[in-house]
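Peer 1: First to last, the sequence lines map onto chains A and B. With my numbering as the guide, the letters of the first sequence map in order to residues 39 to 362. With my numbering as the guide, the letters of the second sequence map in order to residues 39 to 362. Before anything else, here's the structure in question.
Number of protein chains: 2
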Amino acid sequence: MNSLKDIAALMEHALGKLSLPPEPALLYEPIHYTLQAGGKRIRPLLTLGCCALFSDDLQKALPAAMGIEVFHNFTLLHDDIMDNSSLRRGRDTVHVKWNPNVAILSGDAMLIYAYDLAAKSAPEKLSQIMPILNRTFMGVCEGQQYDMDFESRLDVSPDEYIRMIGLKTAVLMAGAMQIGAILGGADPAAAQCLYQAGMQLGTAFQLQDDLLDTYGDTAVWGKNIGDDIACNKKTFLLIKALEQAQGEDKERLHELLASTTIGREEKIEAVKAIYDKTGARKETEAHVERYFGEASAIIDQIPVEEARKEPLKKMAEALVGREK
Amino acid sequence: MNSLKDIAALMEHALGKLSLPPEPALLYEPIHYTLQAGGKRIRPLLTLGCCALFSDDLQKALPAAMGIEVFHNFTLLHDDIMDNSSLRRGRDTVHVKWNPNVAILSGDAMLIYAYDLAAKSAPEKLSQIMPILNRTFMGVCEGQQYDMDFESRLDVSPDEYIRMIGLKTAVLMAGAMQIGAILGGADPAAAQCLYQAGMQLGTAFQLQDDLLDTYGDTAVWGKNIGDDIACNKKTFLLIKALEQAQGEDKERLHELLASTTIGREEKIEAVKAIYDKTGARKETEAHVERYFGEASAIIDQIPVEEARKEPLKKMAEALVGREK
Numbered sequence: 039m040n041s042l043k044d045i046a047a048l049m050e051h052a053l054g055k056l057s058l059p060p061e062p063a064l065l066y067e068p069i070h071y072t073l074q075a076g077g078k079r080i081r082p083l084l085t086l087g088c089c090a091l092f093s094d095d096l097q098k099a100l101p102a103a104m105g106i107e108v109f110h111n112f113t114l115l116h117d118d119i120m121d122n123s124s125l126r127r128g129r130d131t132v133h134v135k136w137n138p139n140v141a142i143l144s145g146d147a148m149l150i151y152a153y154d155l156a157a158k159s160a161p162e163k164l165s166q167i168m169p170i171l172n173r174t175f176m177g178v179c180e181g182q183q184y185d186m187d188f189e190s191r192l193d194v195s196p197d198e199y200i201r202m203i204g205l206k207t208a209v210l211m212a213g214a215m216q217i218g219a220i221l222g223g224a225d226p227a228a229a230q231c232l233y234q235a236g237m238q239l240g241t242a243f244q245l246q247d248d249l250l251d252t253y254g255d256t257a258v259w260g261k262n263i264g265d266d267i268a269c270n271k272k273t274f275l276l277i278k279a280l281e282q283a284q285g286e287d288k289e290r291l292h293e294l295l296a297s298t299t300i301g302r303e304e305k306i307e308a309v310k311a312i313y314d315k316t317g318a319r320k321e322t323e324a325h326v327e328r329y330f331g332e333a334s335a336i337i338d339q340i341p342v343e344e345a346r347k348e349p350l351k352k353m354a355e356a357l358v359g360r361e362k
Numbered sequence: 039m040n041s042l043k044d045i046a047a048l049m050e051h052a053l054g055k056l057s058l059p060p061e062p063a064l065l066y067e068p069i070h071y072t073l074q075a076g077g078k079r080i081r082p083l084l085t086l087g088c089c090a091l092f093s094d095d096l097q098k099a100l101p102a103a104m105g106i107e108v109f110h111n112f113t114l115l116h117d118d119i120m121d122n123s124s125l126r127r128g129r130d131t132v133h134v135k136w137n138p139n140v141a142i143l144s145g146d147a148m149l150i151y152a153y154d155l156a157a158k159s160a161p162e163k164l165s166q167i168m169p170i171l172n173r174t175f176m177g178v179c180e181g182q183q184y185d186m187d188f189e190s191r192l193d194v195s196p197d198e199y200i201r202m203i204g205l206k207t208a209v210l211m212a213g214a215m216q217i218g219a220i221l222g223g224a225d226p227a228a229a230q231c232l233y234q235a236g237m238q239l240g241t242a243f244q245l246q247d248d249l250l251d252t253y254g255d256t257a258v259w260g261k262n263i264g265d266d267i268a269c270n271k272k273t274f275l276l277i278k279a280l281e282q283a284q285g286e287d288k289e290r291l292h293e294l295l296a297s298t299t300i301g302r303e304e305k306i307e308a309v310k311a312i313y314d315k316t317g318a319r320k321e322t323e324a325h326v327e328r329y330f331g332e333a334s335a336i337i338d339q340i341p342v343e344e345a346r347k348e349p350l351k352k353m354a355e356a357l358v359g360r361e362k
């Protein structure tokens with residue numbers, strides 16, 4: 039049976055062995071650059087963790103796990119062009135280091151590479167996993183489009199936000215889990231349950247991510263705290279606060295969102311105060327608990343011996359900052 | 039047995055039935071817009087024409103044929119951003135009609151949609167056709183990158199150019215043919231022969247396209263004649279002329295390429311004169327003949343009754359303007 043440590047080591051080894059042709063350099067170098075930048079490797083770990091529920095042979099899920107990680111990195115590459123982001127994991131983004139055309143085309147190649155890796159899965163499983171990959175990947179594109187649509191709207195509802203992060207963040211984690219289970223030999227019902235667990239877990243993860251951006255510890259988290267507030271990002275916290283704030287608080291919140299003169303730190307503190315007062319923070323925390331609890335309950339029900347669930351459970355806990 | 043007319047009707051009907059979700063509109067509308075713009079539908083016809091060599095049931099190849107056509111249109115959409123083209127088939131390009139972000143993301147969705155369609159092929163064939171699709175799609179990206187690399191070079195050799203169009207244009211036609219054959223029930227050797235025929239045919243087609251841009255009839259061809267010359271596009275004609283021109287001609291050609299003051303028509307006539315004098319035109323025409331002849335010879339060798347080859351042969355002839 040594989041421990042979380044075994045799984046992580048296998049995954050890192052496989053990632054390190056990915057290799058692409060040297061030419062044309064402007065097509066393949068940005069892909070190497072992007073894949074070598076690190077990251078938490080959440081999705082391939084989930085694929086392998088779900089394979090491990092049903093099999094000790096994780097090699098079966100390795101190509102698909104790699105494909106899903108490459109796909110995730112492709113979305114970051116193209117999102118960075120669309121968001122005009124200049125930094126990613128502490129380094130220049132591809133469209134800054136090279137140029138937007140290179141970023142577009144090497145991203146396209148990366149998406150194809152993701153399929154190329156996943157297609158190395160067992161031939162008899164391809165007709166099961168391809169539709170999941172396609173639906174999942176398309177869901178991520180839909181989520182990104184909704185996220186961009188939301189930028190110009192002040193009336194996004196909490197339900198719309200949950201649906202958007204369900205597409206942008208959760209479906210890929212859900213698909214990663216379902217595919218890992220299938221490749222491990224799960225029956226379709228169990229694999230479908232793990233897809234549902236992934237949807238809950240992915241939603242909990244994104245809401246926790248929103249909380250950390252506002253309430254996290256820079257030293258621990260490695261990002262600037264308060265960026266979401268500073269740039270008026272429509273997180274669950276802001277959407278809830280916009281919905282709940284009354285009277286003076288409501289006025290003040292709209293003023294803070296519209297202002298171009300209030301300083302960064304002052305704005306962050308003032309918005310946080312409204313998040314606390316309106317209960318937006320508490321409600322977001324409660325949602326994280328609820329979604330995480332639902333994911334855990336589904337995993338508990340999977341009919342395999344408990345010891346097999348250890349790696350996956352540890353991954354899930356880490357995703358919402360509940361490491362023991 | 040299916041005639042070319044049957045095949046074309048089946049293909050158009052299937053294209054007309056493609057349907058995508060209505061929301062998010064900014065993701066899916068540009069895909070509809072792009073697919074409805076028309077085009078010669080060369081690649082799906084080749085897929086069906088090769089399926090028809092081995093089977094009367096063309097439905098087997100229809101999803102893959104649609105996927106390949108969607109992929110081709112995806113490449114046009116993203117290429118138009120990279121080339122900063124504002125018109126495609128007489129209409130605004132997607133990045134002009136909407137914006138570059140919409141064009142990037144809807145293009146990504148289109149690439150996923152291409153895979154989604156192709157994955158609806160018979161489950162037992164997926165493990166054969168997926169690697170061909172992946173290799174082919176990646177080849178097209180490589181070709182596009184080489185094409186962009188060539189823009190800033192004056193020393194591109196004829197062999198390099200043939201290799202570039204082999205990737206940018208021919209591999210997709212070759213893959214379309216191989217996949218159609220496999221889905222029709224061809225044995226791997228026959229399918230591989232049709233891939234080779236597609237490489238030859240695709241190369242002949244692109245060289246013929248280069249010739250038409252310079253020597254075609256606007257009324258028949260529907261494009262402005264001489265655009266390639268006007269914008270110094272590195273076609274086979276120009277590369278050959280740069281290689282062959284001597285003395286005064288060489289000097290004059292470099293002068294024409296560098297000048298920003300010579301008028302469009304004067305430049306076109308002067309460059310054409312050098313193409314004639316250096317033999318660049320004759321050599322390009324001879325290459326079209328040779329590649330087309332090799333494609334035809336391969337198709338002649340395929341061990342199926344001659345009547346089955348009629349649609350494919352007619353398609354091949356149309357591609358190089360040899361309709362009888």
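Even glycine gets a Cβ: it sits at the ideal position worked out from N, Cα and C.
If you reduce the DSSP assignment to three classes, tell me which class Leu91 of chain B lands in.
Peer 2: DSSP places Leu91 of chain B in coil when its eight states are reduced to three.
Peer 1: Taking the alpha helix (DSSP H) that Arg201 of chain B belongs to, which residues open and close that run?
Peer 2: Element bounds for Arg201 of chain B: Pro196 to Ile203.
Peer 1: Compare the Cα-Cα distances from Glu198 of chain B to each of B:Arg346, B:Asp314, B:Gln183 and B:Ala63 and report the closest residue.
Peer 2: The candidate whose alpha carbon is nearest that of Glu198 of chain B is B:Gln183.
Peer 1: Go ahead and pull the three-state DSSP assignment for Arg129 of chain A.
Peer 2: If DSSP states are grouped into helix, strand and coil, Arg129 of chain A belongs with the strands.
Peer 1: Assuming Phe112 of chain A and Ala152 of chain A are in contact, meaning their beta carbons sit under 8 Å apart, how far apart are those beta carbons, in whole angstroms?
Peer 2: Their Cβ separation, rounded to whole angstroms, is 6 Å, which keeps Phe112 of chain A and Ala152 of chain A in contact under 8 Å.
Peer 1: Any C-beta of chain A sitting closer than 7 Å to the C-beta of His116 of chain B?
Peer 2: By this cut-off, His116 of chain B is an interface position.
Peer 1: For Ser144 of chain B, which residues of its own chain have a beta-carbon under 6 Å away from its beta-carbon, when the five flanking residues on both sides are left out?
Peer 2: Around Ser144 of chain B: Leu65, Pro68 and Ile69.
Peer 1: Which of the residues in the segment 73 to 85 of chain B, read from start to end, lie with their CB under 8 Å from any CB of chain A?
Peer 2: From the segment 73 to 85 of chain B, no residue has a Cβ closer than 8 Å to chain A.
Peer 1: Determine the extent of the alpha helix (DSSP H) in which Val309 of chain B is found, giving its start and end residues.
Peer 2: Here the alpha helix (DSSP H) through Val309 of chain B covers Arg302 to Thr316.
Peer 1: Determine, using beta carbons only, whether Glu147 of chain A comes closer than 7 Å to chain B.
Peer 2: With the sequence shown as reference, residue 147 of chain A is identified as Ala, and Glu is not the correct amino acid for it. So yes, Ala147 of chain A belongs to the interface.
Peer 1: Does the beta carbon of Glu198 of chain A come closer than 7 Å to any beta carbon on chain B?
Peer 2: It does not; no Cβ of chain B falls within 7 Å.
Peer 1: Answer yes or no: do Arg81 of chain B and Ile45 of chain B have a C-beta to C-beta separation smaller than 7 Å?
Peer 2: For Arg81 of chain B and Ile45 of chain B, no; Cβs fall outside 7 Å.
Peer 1: Against Tyr233 of chain A, what residues of chain B qualify as contacts under a CB-to-CB distance less than 8 Å, listed in chain order?
Peer 2: Per Cβ cutoff of 8 Å: no residues; Tyr233 of chain A is ~18 Å from chain B at best.
Peer 1: Rounded to whole angstroms, how far is the Cβ of Gly222 of chain B from the Cβ of Leu83 of chain B, which I believe are closer than 8 Å?
Peer 2: The pair is not a contact, with the Cβ atoms about 14 Å apart (cut-off 8 Å).
Peer 1: Is it buried or exposed, Cys269 of chain B, if we count other Cβ atoms within 10 angstroms and call 16 or more buried?
Peer 2: Cys269 of chain B should be labelled exposed.
Peer 1: Counting only C-beta atoms, is Phe175 of chain A closer than 7 Å to chain B at any point?
Peer 2: It does: the Cβ of Phe175 of chain A has a partner Cβ on chain B nearer than 7 Å.
Peer 1: Look at the Cβ atom of Tyr313 of chain B, then the Cβ atom of Ala335 of chain B, and state whether they are nearer than 7 Å.
Peer 2: For Tyr313 of chain B and Ala335 of chain B, no; Cβs fall outside 7 Å.
Peer 1: Measure the C-alpha to C-alpha separation of Pro138 of chain A and Ile170 of chain A and round it to an integer number of angstroms.
Peer 2: Looking at the two C-alpha atoms, the distance is approximately 30 Å.
Peer 1: Taking just the CA atoms, how far does His133 of chain B sit from Asp121 of chain A?
Peer 2: Near 16 Å, if we compare the C-alpha coordinates of His133 of chain B and Asp121 of chain A.
Peer 1: Return yes when the Cβ of Ile300 of chain B is within less than 7 Å of the Cβ of Thr85 of chain B, no when it is not.
Peer 2: Against a cut-off of 7 Å, the Cβ pair of Ile300 of chain B and Thr85 of chain B comes out as no contact.
Peer 1: Between the segment 227 to 243 of chain A and the segment 325 to 341 of chain A, can you find at least three pairs of beta-carbon atoms closer than 8 Å?
Peer 2: The segment 325 to 341 of chain A, when compared against the segment 227 to 243 of chain A, does touch it at the 8 Å Cβ threshold.
Peer 1: For a test of the three-state rule: what should DSSP assign to Asn172 of chain B, helix, strand or coil?
Peer 2: Correct three-state label for Asn172 of chain B: helix.
Peer 1: Would you say Cys89 of chain A faces chain B, with C-beta separation under 7 Å as the test?
Peer 2: Not closer than 7 Å to any Cβ of chain B, the Cβ of Cys89 of chain A fails to qualify, so no.
Peer 1: Report the option in A:Ala156, A:Asn172 and A:Arg173 whose CA atom is closest to the CA atom of Ser165 of chain B.
Peer 2: Measuring from the Cα of Ser165 of chain B, the nearest candidate turns out to be A:Ala156.
Peer 1: Would you verify that the beta carbon of Cys179 of chain A is, or is not, closer than 7 Å to some beta carbon of chain B?
Peer 2: It does; some Cβ of chain B falls within 7 Å.
Peer 1: Would a C-beta distance cut-off of 7 Å place Val178 of chain B and Gln246 of chain B closer than the cut-off?
Peer 2: Result no, Cβ atoms of Val178 of chain B and Gln246 of chain B do not sit closer than 7 Å.
Peer 1: For Asp287 of chain A, collect the residues of the same chain with a Cβ closer than 7 Å to its Cβ; drop the 5 residues on either side in sequence, then sort them by chain order.
Peer 2: The residues are Ile312, Lys315 and Thr316.
Peer 1: Going along the chain, which residues of the segment 42 to 72 of chain B sit with their C-beta nearer than 7 Å to a C-beta in chain A?
Peer 2: Hits within the stretch, in order: Pro62, Leu64 and Leu65.
Peer 1: Would you check if the distance between the CB atom of Thr174 of chain A and the CB atom of Val209 of chain A is smaller than 7 Å?
Peer 2: For Thr174 of chain A and Val209 of chain A, yes; Cβs fall inside 7 Å.
Peer 1: Relative to the C-alpha of Glu323 of chain B, which residue among B:Ala354, B:Leu250 and B:Glu180 is closest?
Peer 2: Ranking the options by Cα distance to Glu323 of chain B, first place goes to B:Leu250.
Peer 1: So, is the C-beta of Gln230 of chain B closer than 7 Å to a C-beta in chain A?
Peer 2: It does not: the Cβ of Gln230 of chain B has no partner Cβ on chain A nearer than 7 Å.
Peer 1: Mind checking which residues open and close the alpha helix (DSSP H) that includes Gln234 of chain A?
Peer 2: Pro226 to Tyr253 is the span of the alpha helix (DSSP H), which, as asked, contains Gln234 of chain A.
Peer 1: Quick one: list the residues of chain B neighbouring Ala103 of chain A, beta-carbon separation under 9 Å, in chain order.
Peer 2: Going along chain B, no residue has its Cβ under 9 Å from Ala103 of chain A, so there is no contact; the nearest lies around 17 Å.
Peer 1: Locate the alpha helix (DSSP H) running through Ile217 of chain A, then write down its first and last residues.
Peer 2: Unbroken alpha helix (DSSP H) run through Ile217 of chain A: Val209 to Gly222.
Peer 1: Is DSSP giving Met148 of chain A helix, strand or coil here?
Peer 2: Reduced to three states, the DSSP call for Met148 of chain A is helix.
Peer 1: By the 10 Å Cβ neighbour count, where 16 or more other Cβ atoms means buried, how is Arg127 of chain A classified, buried or exposed?
Peer 2: Exposed, because fewer than 16 other Cβ atoms sit within 10 Å of the Cβ of Arg127 of chain A.
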